[in-house]
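Undergrad: Quick one: this structure, given as structure tokens, is what I'll be asking you about.
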Amino acid sequence: MPSCRSALKWGFLFSYASLPIAAAHWPDFRMEGLDGLLWGGSFLSLITGNCTMRDNTTIAAQWVRLAYHDMSTHDVGDGSGGLDASIAFELDRAQNIGIGMAGSVSDFLGFTSPSVSLADVIAVGTVLGVASCGGPLIPLRGGRVDATTPGPATVPEPQEDLASHTESFKRQGFSQSEMIALVACGHSLGGVRTEDFPDIIHAPVDGNVALFDGTQGFDHTVVSGYLDGTTPNPLVIGPNSTTNSDLRIFSSDGNATMQSLASPENFNKVCADLFERMIDTVPRGVQLTEVVEPMQYKVGQTTLFPGNDGMLRLTTGIRVVGLHSSRCVTLFWNDRQGSVCSTAGCSASPSSTFESVGTFMAVRRGIDGYTTYTFDTKVNVTSSISKFWFKIEEGDGSEAVLVDNDGAGLVINQDTVLFDRARSAFVTEGTTFHLNLVVAVRTSDPTTKVSALTYAIGTEAQPTPKRETVELSPDSRFPPVVGYTFFSGNFPNSLQWVDIAAEVEGGVVRETNIQVSILRE
């Protein structure tokens, strides 16, 4: 890591606004969370990476099926239904039979947060799954809202006639030609499990799954095999004509649509468009975000809390696209009076750097990897901090970039109620493993009311996340420090997100969207 100290001149500190400004906006918990799931190498992308197999099919096939079954509740007439995670309440229906359905919901539940819904994670699963199996990159938007009750039982089933299928897809918002293409795109992955559909598969099948197109990856064989008569698709050539729904659908326009998909390039393009439509089909009134693109500069979780040395401690970080050994990153901040420098100093170099190779999604976008720069520095407790920013110099002769919310700075709204990252910990007491959450409050009154609003992810039995307010108690383990009194409480080990609040200064002061799982790092 090169030293940036030579660049830290007072002239720069007062002329930084003239430098190019990076279009980074922080915090945006939803977009940051979706970036992590899609581009940042979350465990979700590892689950399906390289078209991972499960249950004699691919995880991708299971995830795409779940997303379609969730979306198919949509009614364009009244705007109800769509991709809203109601599928989590509908798994006992015959139309949702299959071990992959419950397994997929289980895959996704652990990646929700107060800002990223289960429906958003289901959409992410479709994008990751299709891409992991060699399919096209599907644009992703966020902002879906989770249902809290089941939707109507409107998933098309193989035994239905053509008119029923056509009407069902029309209700969802797809024309006859789009219905044909979407079924073909979806059936490029997966197949029919004999134990789930004995009326479709009469004879034993290798691995208990009859593949739609004979391949596990995403390709246009589902089309070419149908057109040249070599398809193994059990919904085309199955022994029971009643359940040969793909044959009825594919041939419903005289094979015109299937012939238009004969080109692999056109098949991929059409599938990307229709899958995007599918995951963006949401209840009326739900506003989706712009497309989630990789963040060039992504600010990490930032914490401010009192140390034991009469100073405040600031921890933060920034993830930068690309692996460049000559890059230099510096942290700057203002005190709460607006001065650039406090008596403790106004800048810091990274305490550590970490390089990570790009995930399969990032590589497909031309990203070789990321470099994360973490900072752990001291701030004067009296002057405190009002905002911070990063200066990034690539060391290649290009102009420096400031990551500072377009000149407004990355704002620290308050220093009164703080999640204490250093004193909080996951601990073992006897046979109990729990989170001891510690909050620092700028007060000398130990009777101050302090609370934590927890976020517990849903379960298969109860998919809706649980939010519960818990009162914290004064913590005698930690004597008051530089005007702060400490409060704490014990929480389940599984807790990942929390909001904290205290009744001080004649009102309630809050810190929200705290990811306590960083304590495991």
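Under mature numbering (1 follows the signal peptide of the UniProt record, and there is no 0), residues -23 to -1, 1 to 498 are what the sequence shown spells out, in order.
Don't be surprised by glycine CBs; every beta carbon is placed ideally from N, CA and C.
1) For the putative contact between residue 508 and MET338, defined by C-beta atoms under 8 Å, what is the C-beta separation to the nearest angstrom?
2) Between which two residues does the alpha helix (DSSP H) containing PHE146 stretch?
3) Between the beta-carbon of ALA100 and the beta-carbon of PRO440, is there less than 9 Å?
4) Report the residue ranges of all alpha helix (DSSP H) runs contained in full by the region 59 to 100; include only those spanning at least 4 residues, in chain order.
5) Compare the C-alpha of LEU496 against each of GLY483, MET78, TRP474 and name the closest.
6) Can you round the beta-carbon distance between LEU212 and ASP223 to whole angstroms, since I take them to be within the 8 Å contact cut?
7) Here's the rule: buried if 16 or more other CB atoms are within 10 angstroms of the residue's CB, otherwise exposed. What is GLU253?
8) To which residues of the same chain is GLU482 closer than 8 Å at the C-beta, ignoring the five residues directly before and after it?
9) Going by alpha carbons, who is nearest to VAL41 out of ASP138, GLY150, PHE88, CYS110?
10) Using only the alpha-carbon positions, how far apart do LEU308 and PRO457 sit?
11) Secondary structure at GLU253, three-state DSSP: helix, strand or coil?
12) Taking the alpha-carbon of TRP366 as reference, which of ARG419, THR405, SER333, TRP310 has the nearest alpha-carbon?
13) Roughly how many angstroms separate the alpha carbons of ASN245 and GLY112, rounded to a whole number?
14) Could you give the DSSP three-state label for LYS275: helix, strand or coil?
15) With DSSP collapsed to three states, give me the class of ALA38.
16) Determine whether the beta carbon atoms of GLY62 and ALA124 lie at a separation below 9 Å.
17) Distance check for VAL169 and LYS275, CA to CA, integer angstroms please.
18) Is it right to say GLY75 is buried, meaning 16 or more other beta carbons lie within 10 angstroms of its own, or is it exposed?
19) Could you tell me which residues DSSP pairs with ASP52 in its beta bridges?
20) Could you check where the beta strand (DSSP E) with GLY168 kicks off and where it finishes?
21) Roughly how many angstroms separate the alpha carbons of ARG341 and PRO129, rounded to a whole number?
22) I need the straight-line Cα distance from THR320 to ALA478, nearest angstrom please.
23) Among ARG398, GLU137, ALA433, which residue has its Cα nearest to the Cα of PHE464?
24) Smallest Cα separation from GLU270: which of TRP3, MET8, HIS2, PRO4?
25) Across the region 286 to 294 and the region 345 to 360, are there enough close Cβ pairs to call them in contact, namely three or more that are closer than 8 Å?
26) Span of the alpha helix (DSSP H) holding PRO211?
27) Can you tell me whether ARG419 is buried or exposed? The criterion is at least 16 other CB atoms within 10 Å of its CB, across all chains shown.
28) Counting only runs that start and end within the region 153 to 213, where is the alpha helix (DSSP H) found for 4 or more residues in a row?
29) Are the CB atoms of GLU371 and SER303 within a distance shorter than 9 Å?
30) To the nearest angstrom, how far is the alpha carbon of GLY335 from that of SER92?
31) Would the region 149 to 167 count as touching the region 182 to 193 if we require 3 or more Cβ pairs under 8 Å?
32) Would you mind reading off the limits of the alpha helix (DSSP H) that contains ILE24?
33) Buried or exposed for MET30, going by 16 or more other Cβ atoms inside 10 Å?
34) Give me the residue from LEU114, PRO116, ASP12 with the minimum Cα distance to PHE88.
TA: To lay it out plainly:
1) The structure shown does not extend to residue 508, since the chain is modelled only from -23 through 498, so no value can be given for it.
2) 139 to 149
3) The answer is no: Cβ separation not under 9 Å.
4) 76 to 86
5) TRP474
6) 4 Å
7) buried
8) THR393
9) CYS110
10) So the alpha carbons of these two residues sit roughly 29 Å apart.
11) helix
12) Of all alpha-carbon atoms in ARG419, THR405, SER333, TRP310, the one lying nearest the alpha-carbon of TRP366 is that of TRP310.
13) Distance between the alpha carbons of ASN245 and GLY112: 7 Å.
14) strand
15) ALA38: helix per DSSP, three-state reduction.
16) Position check: residue 62 holds Ala in this sequence, whereas Gly was assumed. Yes, they are a contact pair.
17) CA-CA distance, LYS275 to VAL169, rounds to 42 Å.
18) buried
19) According to DSSP, ASP52 bridges with SER57.
20) 168 to 170
21) 38 Å
22) At THR320 the pLDDT is 47, less than 50, meaning the model places this residue with poor confidence and gives no usable figure here.
23) ARG398
24) MET8
25) yes
26) 211 to 214
27) buried
28) At a cut-off of 4 residues, the continuous stretches assigned as alpha helix (DSSP H) that sit fully inside the region 153 to 213 are 153 to 163, 198 to 205.
29) yes
30) Each residue's alpha carbon lies about 24 Å from the other.
31) yes
32) 20 to 25
33) Flag for MET30 reads exposed.
34) ASP12
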